[in-house]
Each structure stands twice: as C-alpha cells, then as structure tokens.
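**Student:** Below is one structure. I have some questions about it.
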Amino acid sequence: MDNWRKSSYSGPDDGNDCVEIANSHTHVAIRDSKAPADRTLVFPAGSFTPFIEALKETHSTVTDFARFRG
-15 MDNWRKSSYS GPDDGNDCVE IANSHTHVAI RDSKAPADRT LVFPAGSFTP
35 FIEALKETHS TVTDFARFRG
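Residue numbers (my numbering): -15 to 54.
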C-alpha cells in the first residue's frame, strides 16, 4: 500500500507520534508513523470499522491507541 496518510487530529506537537492509515478496495492497513518500516496491521476492509468501534469503547482517541500499543 502506498497511499499512507496521518490522522487530521495530528497537530504540530504530536504530528510524529501517531498512526498512519492506508486503504485499498480490499484492505485497510495501519502503522506507526515513527517506524513505518516496522510492523503493519492489515485488515480486510469489512473488519476495520468494527476494530475502530471496539477501540472507541476502550480508548478516547487514536492517540490513546498509539500510546497503548507500546
């Protein structure tokens, strides 16, 4: 995937401390913006929304998720 983008919530202070997302017709991928060559989570397109909804129940922001992943 080559269309990586950061969250619109990434401001100047935390712009390098977030996740990036890329999507195709069949998959959605997320990665750490500080280490883009490291691990990437890839989901079938239909599974990504339920994943995000589950995160929302536990964490208030994607930034919380980035901190949670350690």
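Backbone N, C-alpha and C fix where the C-beta goes; we use that ideal spot for every residue, glycine too.
As the structure is a computational prediction, the values presented were derived from the model and not from experiment.
What residue range is occupied by the uninterrupted beta strand (DSSP E) comprising N7?
**Tutor:** Here residue 7 refers to the residue found at position 23 when the sequence shown is read from its first residue. Its beta strand (DSSP E) spans residues 3 to 7.
**Student:** Going straight from the alpha carbon of V26 to that of I14, what length do you get?
**Tutor:** Residue mapping note: residue 26 aligns to position 42 of the sequence shown, counting from 1. Residue mapping note: residue 14 aligns to position 30 of the sequence shown, counting from 1. If I take the Cα positions, the gap works out to 7 Å.
**Student:** Taking all protein chains shown into account, decide if E4 is buried (16 or more other Cβ within 10 angstroms of its Cβ) or exposed.
**Tutor:** Residue 4 sits at position 20 when you count from the first residue of the sequence shown. Result: buried.
**Student:** Where do the ends of the beta strand (DSSP E) carrying D16 lie?
**Tutor:** Reading the sequence shown from its first residue, position 32 is the one you call residue 16. Counting along the chain, the beta strand (DSSP E) containing D16 begins and ends at 11 to 16.
**Student:** Locate the beta strand (DSSP E) running through P28, then write down its first and last residues.
**Tutor:** Along the sequence shown, one-based indexing puts residue 28 at 44. From DSSP, the beta strand (DSSP E) with P28 extends over 24 to 28.
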